[in-house]
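Trainee: Can you read through this structure? Questions will come right after.
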Amino acid sequence: MILAEINVHITPQEIELQRQTINSIKLSLSGEKRYAMVETFGCQQNVNDSQRIEGMLLQMGFTLTDEKDLADVIIFNTCAIRENAHAKVYGKLGALKHLKAKKPSLVIGICGCMVQQEQIAKRIKSKYRHVDLIFGTHALWKFPSLLNDALEHSQKVFDISGEGSIAEGLPVNYDGGARAFVSIMYGCNNFCSYCIVPYVRGRERSRSEADILSEIEYLSKNGVREVMLLGQNVNSYGKDRGETDAFAKLLLKVCEISGIERIRFMSSHPKDISPLLLHTMAAEEKICNQLHLPLQSGSNKVLSDMNRVYTREKYLEIIALAKKLMPDIALTTDIIVGFPTETEADFEDTLSLLREVKFDSIFSFIYSPREGTRAAQMPNVSTPEEIDKRFQKLLDVQNNISYERNLRHEGNIETVLVSGRSKTDPDMLTGRNYANKIVNFKGDDSLIGTFTDVKITKAQTWILYGEKL
Ligand code: 5AD
Ligand code: SF4
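For what it's worth, the working numbering labels the leading residue of the sequence shown as 95, then goes sequentially.
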């Protein structure tokens, strides 16, 4: 397993070399219509990384497609957080074998968190011989030269070199909507005992404030109205440079950017979230009163075994302050069920905390052992059947709470940033309110990309319905 220990800014010369490679690929493709497909697994950070890969592909002259039969280049950007994320990718990789046999010029690449694990990357290299390109999270910025090697020299390319790095100045394919993701930092220092992220994304490193602000200014000029600032633990933004309270300060600067009307961020670690941040959220109109604060478990014993470094009581204190400062705040969290040391009583502690906090929604996961993490060595105290039952119970309890929380929106007039037509009901427009909840309502296409006031007429567990005022 490779750990990134160094915080390296890629030099402008190295970036320039990648830009030149983009241009030379473009020249070599000139005139020919070539297609590329990027498929993303996992979190928003990966979505943002894929936008970088797509940005580079577009500048090389590729046309993006969702159809693998049409593609000349296929890239899977993978996730490692749970075993089922791996299983999906293996299935999809296997299915590409016949495509490669039919079209030997097809370049198949796999990148991201899954292949940053050396043992996995080597397994793919030896067992999936139709894969041309394997590169890890730290090599993403080198994509142009890696692809060039695969295209020009028909070489098998393998780069999972492991230095933590920050690369600025390469193209990004923002998908053109009014909402955009902006990574403000990479990596994680926390080593929660179940989590693979610090091993595959390296140590925390923060982008410079100037780079972040100029990216958001650019986005604003191009029609973006809402930004989601991304990091594994945004509350430690700037700490790698010895700064304190840098995240709250950054938020204030983002608030000053004209055109940007809504600001969100994720994720926050309960051990690092500061009262100052909550006060800043409450004071600043543009920062949405919405907070994703991963809890993982309501049991102090399990939290300690998870190395989360906070207690149930501390967590509840933060929530109490957030609710006091922002009575309408929408709260979401992550819960893991079936951590190796979790007993029935520990699980009951999680349920009681959910009932007390009343999260608007939760993201719940069954624990999945990750090779190389501390928890993977811990013996299980519960059977898979017991864990499945707990998981079902958790969903039942939370679904009722989510519905109850959604009911409070009924009758409100809320501002919705309209993103497009609803996929499930094309008669309806869809968008999100301040709480990041989906709101569907009838209206015409001219509203897409704008803020629109909607009266909420009906709440369901997962969605709100409304009427345009
Ligand atoms: N098993 C199950 N869930 C996990 N998460 C992280 N690692 C694991 C694991 N090994 C969950 C945590 C985290 C979210 C992004 O994924 O809840 O907050
Ligand atoms: Fe994983 Fe914990 Fe870091 Fe989140 S804070 S990415 S759960 S190690």
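Each residue gets a CB set at the ideal place from its N, CA and C atoms; glycine is no exception.
1. How about residue 156 and residue 133: do their beta carbons lie closer than 8 Å?
2. For a test of the three-state rule: what should DSSP assign to residue 503, helix, strand or coil?
3. What are the complete beta strand (DSSP E) segments, minimum 3 residues, inside the segment 277-356?
4. If you run the structure through DSSP and keep just helix, strand and coil, what is residue 384?
5. With a CB to CB cut of under 8 Å and the five nearest residues on each side skipped, what residues in its chain are close to residue 254?
6. Less than 7 Å between the CB of residue 363 and some heavy atom of the ligand SF4, yes or no?
7. So, for residue 159: in the same chain, excluding its five sequence neighbours on each side, which residues have a beta-carbon less than 8 Å away from its beta-carbon?
8. Can you list every residue whose CB sits closer than 6 Å to some heavy atom of the ligand 5AD, going in chain order?
9. Are there any heavy atoms of the ligand SF4 lying less than 7 Å away from the beta-carbon of residue 292, as far as the coordinates show?
10. For residue 163, which residues of its own chain have a beta-carbon under 8 Å away from its beta-carbon, when the five flanking residues on both sides are left out?
11. Would you check whether the ligand SF4 has a heavy atom nearer than 7 Å to the C-beta of residue 285?
12. Which runs of the alpha helix (DSSP H) at least 4 residues long sit entirely within the segment 165-210? Give them in chain order.
13. Please determine if the segment 469-482 and the segment 504-511 are in contact, where contact requires at least 3 C-beta pairs separated by less than 8 Å.
14. Considering only the alpha carbon of each residue, which of 278, 350, 123, 395 lies closest to residue 246?
15. Would you mind working out which of 235, 324, 374, 295 sits nearest residue 104, comparing C-alpha positions?
16. Going along the chain, which residues of its own chain have a beta-carbon closer than 6 Å to the beta-carbon of residue 527, five neighbours each way excluded?
17. With respect to the alpha helix (DSSP H) encompassing residue 143, which residues constitute its N-terminal and C-terminal limits?
18. Is it true that the CB of residue 558 sits closer than 8 Å to the CB of residue 500?
19. Quick one: is residue 520 buried, meaning 16 or more other Cβ sit within 10 Å of its Cβ, or exposed?
20. Under 7 Å: does the beta carbon of residue 139 sit that close to some heavy atom of the ligand SF4?
21. Threshold first: 4 residues or longer. Then list the alpha helix (DSSP H) segments lying entirely within the segment 429-475, N to C.
22. For a test of your reading of the model: does the CB of residue 282 fall under 7 Å from any non-hydrogen atom of the ligand SF4? Yes or no.
23. Smallest Cα separation from residue 406: which of 391, 261, 373?
24. What did DSSP end up calling residue 242 once you bin it into helix, strand or coil?
25. Which of the three DSSP states, helix, strand or coil, is assigned to residue 111?
26. Does the beta carbon of residue 211 fall short of 7 Å from some heavy atom of the ligand SF4?
27. Mind checking which residues open and close the beta strand (DSSP E) that includes residue 375?
28. Just checking my contact of residue 174 with residue 276 at CB under 8 Å: how many whole Å lie between their CB atoms?
29. Quick check on residue 338: buried or exposed, where buried means 16 or more other Cβ atoms within 10 Å of its Cβ?
Mentor: Straight from the coordinates:
1. Contact flag unset, no.
2. For residue 503, the secondary structure class from DSSP, reduced to helix, strand or coil, is coil.
3. Taking only runs of at least 3 residues, the beta strand (DSSP E) segments lying wholly in the segment 277-356 are 320-324.
4. Strand.
5. So the qualifying residues of the chain are 96, 209, 210, 212, 215, 228, 229, 230, 232, 233.
6. Checking the Cβ of residue 363 against the ligand SF4 gives yes.
7. Answer for residue 159: 129, 130, 131, 165, listed in chain order.
8. Selection output, chain order preserved: 175, 176, 288, 289, 388, 390, 428, 430, 459, 461, 462, 464.
9. Yes, the ligand SF4 has a heavy atom inside 7 Å of this Cβ.
10. Cβ neighbours of residue 163 beyond the five flanking positions: 193.
11. Within the cutoff, so yes.
12. As far as the segment 165-210 is concerned, its whole alpha helix (DSSP H) runs of at least 4 residues are 177-189, 191-196, 207-210.
13. No, the segment 469-482 does not touch the segment 504-511.
14. Ranking the options by Cα distance to residue 246, first place goes to 123.
15. When the alpha-carbon of residue 104 is set against those of 235, 324, 374, 295, the nearest one is in 235.
16. Taken in chain order, the residues that qualify are 508, 510, 533.
17. Taken as a continuous stretch (DSSP letters only), the alpha helix (DSSP H) holding residue 143 covers 138-154.
18. Contact: yes.
19. Exposed is the call here.
20. The closest heavy atom of the ligand SF4 lies 7 Å or more from the beta carbon of residue 139.
21. Counting only runs of 4 or more residues that sit fully inside the segment 429-475, the alpha helix (DSSP H) segments are 438-451, in chain order.
22. Placement of the Cβ of residue 282 at a distance of less than 7 Å from at least one heavy atom of the ligand SF4 is found.
23. Looking at the Cα atoms, 391 is the closest of the given residues.
24. Helix, per DSSP.
25. Residue 111: helix per DSSP, three-state reduction.
26. For residue 211, the distance from the CB to the nearest heavy atom of the ligand SF4 is not below 7 Å.
27. Residue 375 -> not in any beta strand (DSSP E); alpha helix (DSSP H) instead, spanning 369-377.
28. At roughly 23 Å, the Cβ-Cβ gap does not stay under 8 Å, so residue 174 and residue 276 are not in contact.
29. The residue is exposed, with fewer than 16 neighbouring Cβ atoms inside 10 Å.
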